[in-house]
Every structure is written in C-alpha cells, then in structure tokens.
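My numbering applies: residue 1 is where the sequence shown begins, and numbers increase by one. Ideal Cβ positions, reconstructed from N, Cα and C, are used throughout, including at glycine.
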Amino acid sequence: MKEQEKLIPAHGGYRKLKSFQLAQLVYDITVRFCERFIDKKSRTRDQMVQAARSGVQNIAEGSQASGTSKKTELKLTNVARASLEELRLDYEDFLRQRNLPLLAADHPALKRFKACRCATVNEVRAWVGEEKKLTDKHGLTLTNTDKKQRTEPSVPAGDRPCASLSDSALVANAALSLLNLCCHLLDRNSPRRRRLLKKKGVLRNDCIASEARLGGAHEHFPL
Numbered sequence: 001m002k003e004q005e006k007l008i009p010a011h012g013g014y015r016k017l018k019s020f021q022l023a024q025l026v027y028d029i030t031v032r033f034c035e036r037f038i039d040k041k042s043r044t045r046d047q048m049v050q051a052a053r054s055g056v057q058n059i060a061e062g063s064q065a066s067g068t069s070k071k072t073e074l075k076l077t078n079v080a081r082a083s084l085e086e087l088r089l090d091y092e093d094f095l096r097q098r099n100l101p102l103l104a105a106d107h108p109a110l111k112r113f114k115a116c117r118c119a120t121v122n123e124v125r126a127w128v129g130e131e132k133k134l135t136d137k138h139g140l141t142l143t144n145t146d147k148k149q150r151t152e153p154s155v156p157a158g159d160r161p162c163a164s165l166s167d168s169a170l171v172a173n174a175a176l177s178l179l180n181l182c183c184h185l186l187d188r189n190s191p192r193r194r195r196l197l198k199k200k201g202v203l204r205n206d207c208i209a210s211e212a213r214l215g216g217a218h219e220h221f222p223l
C-alpha cells in the first residue's frame, strides 16, 4: 500500500497542501463574512478573524519547521487544528443564535457547493448567487430536477425542497463544510504521526498528553 501523504510536506511546501488551501479560503471567507454580518464592535468579529488567520499561519509555520523539528511541526499543526475548531464553533453559534439552519452534509445546497469545488471567495459568492436563483415562488429551494423542468417542485424520495436560505446562512454553512474537510485532513494522519514521533523519542509523555487534548479522539467529521 502506498504510504499516506505526510501531515505537512517538509521544508515549506505548504502552499501545495490541501489543508492549507482550504484554511486560506476559510480565512478569506471569514474576513468578508465578519465585515458583512458581524457587528464591528463585537469581540466575536475579531476572534473569528484571528482564529481563521491562526489556522493558516500555523500550518505554514509548521511546514517551515518540519525540516528541522518534527516536534515543533506537530505542535504548530495542533495549534492550527485547535484554532479551526474554535472558528467552527463560532460559525455554529452564529447560526444557532439567529435561528438559522445548520445544514446536514447531504443537504441539496451543500451537495451543490461541494460539486462546485470553490477555490476563491468569488467562486463562493457565485455559488451563493446561484442558490438564490434556485428559490421558487413559494420560498423553497428547488431540486436539480425542478430546475431543469421549471415546473412545480416534484420531489424524489430523499430529496425534498428546503426553506429558502439567507446569504448569511449559506455562507456560514459553506464555511463549516470547508472547515469540516480541513479538520478531517489535519486529523487524518495525527495518530500515525504521533506514534512515529513517540517511537523515535521526539515526544515526551507530556507532549503526547497535550496533543491528545488538542486533537481529541481525532473524530472524522462529515465532509
């Protein structure tokens, strides 16, 4: 079996790393999300932006350190993971406190978002615009079949129309989808990486305990 991709490529190859690309996109989305939907005087605004920035910066710094210190690499990766988890909770809080829906992974709107494979904020903005066009005169989001037929919604089993979503709900759920994937990628190799470093004597027991607290049980989030 081919060996899994390293947690972070050695010697600063972070720009090619999918987790870095996702974290950077989430950062860009978060800056614009906070400018538009979070009160300028709210502490949450600064906290969300700083958490997003921390995720990006610590992935990059971990990559730079990986050539000389695997212990530092793992520590910085854990900091990035913890920052992204904090941001994930902030987005969930935003939705809950405003009675906005937290969409399931198989929601039609999120399925379309994942199919778009957005790589920039402009592409996310375009997806939001397309989702708004899918809202019919009854305030329901059309399924793909309805869009093609342009008739009254005919709903196949397991693919029911959903209530119309606001811009803030769409963007928050898109950011959460990206965060789930980014956290999954950072978690994927953590147990194997930790065991390897412990075997080599790079990590002390207290470092192992600290990493376990930050990484939790390495849950694989739904993508």
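Alpha carbon to alpha carbon, how far is L102 from L113? Give it in angstroms, no decimals.
Indexing the sequence shown from 1 puts residue 113 at position 113. Indexing the sequence shown from 1 puts residue 102 at position 102. One point to set straight first is that residue 113 is Phe, not Leu, in the sequence displayed. F113 and L102: Cα-Cα distance of roughly 15 Å.
Is the stretch 127 to 134 close to the stretch 50 to 60, with three or more CB pairs under 8 Å?
no
Identify every run of the alpha helix (DSSP H) within the stretch 69 to 110, keeping only runs that are complete inside it and at least 4 residues long; order them along the chain.
70 to 97
Report back the beta-carbon spacing between S54 and S83 to the nearest angstrom; my notes put them in contact at under 8 Å.
Counting from one through the sequence shown, the residue named residue 54 turns up at place 54. Counting from one through the sequence shown, the residue named residue 83 turns up at place 83. Right, the Cβ-Cβ distance comes to about 4 Å (below 8 Å), so this counts as a contact.
So, are the CB atoms of V56 and F33 less than 8 Å apart?
Against the sequence shown, residue 56 aligns to sequence position 56. Against the sequence shown, residue 33 aligns to sequence position 33. No. Outside cutoff.
Any contact between the stretch 82 to 99 and the stretch 166 to 186? By contact I mean 3 or more CB pairs, one from each, below 8 Å.
yes
Assigned exposure category for R45 - 16 Cβ within 10 Å defines buried:
The sequence position of residue 45 within the sequence shown is 45, counting from 1. Buried, by the Cβ-count rule.
Starting from S164, trace the alpha helix (DSSP H) in both directions and tell me its first and last residue.
The residue you call residue 164 lines up with position 164 of the sequence shown. Note, S164: premise wrong, no alpha helix (DSSP H); not H, not E.
Length of the line joining the Cα atoms of V79 and T72:
Translated into the one-based positions of the sequence shown, residue 79 becomes position 79. Translated into the one-based positions of the sequence shown, residue 72 becomes position 72. Each residue's Cα considered, the two are about 11 Å apart.
Need the endpoints of the alpha helix (DSSP H) that L17 sits in, please.
Here residue 17 refers to the residue found at position 17 of the sequence shown. That residue, L17, is in no alpha helix (DSSP H); it is neither H nor E in DSSP.
For S177, which three-state DSSP category applies?
Counted from its first residue, the sequence shown places residue 177 at position 177. Helix at S177.
CA nearest to the CA of L100, picked from D28, D106 and Y91
Here residue 100 refers to the residue found at position 100 of the sequence shown. Here the closest residue by C-alpha is Y91.
Please classify K75: is it buried, with 16 or more other beta-carbons within 10 angstroms of its beta-carbon, or exposed?
The residue you call residue 75 lines up with position 75 of the sequence shown. By the neighbour-count rule (16 or more Cβ atoms within 10 Å), K75 is buried.
Looking at V121 and I29, is the spacing between their C-beta atoms short of 8 Å?
If you number the sequence shown from 1, residue 29 lands on position 29. If you number the sequence shown from 1, residue 121 lands on position 121. In contact: I29 and V121 (Cβ atoms closer than 8 Å).
I'd like to know whether the C-beta atoms of L89 and A172 end up nearer to each other than 8 Å.
The sequence position of residue 89 within the sequence shown is 89, counting from 1. The sequence position of residue 172 within the sequence shown is 172, counting from 1. No, the Cβ-Cβ distance between L89 and A172 is not below 8 Å.
Hey, how far is the Cα of D93 from the Cα of K16?
For the purposes of this step, residue 93 is taken as the residue at position 93 of the sequence shown. For the purposes of this step, residue 16 is taken as the residue at position 16 of the sequence shown. The alpha-carbon atoms of D93 and K16 are separated by roughly 31 Å.
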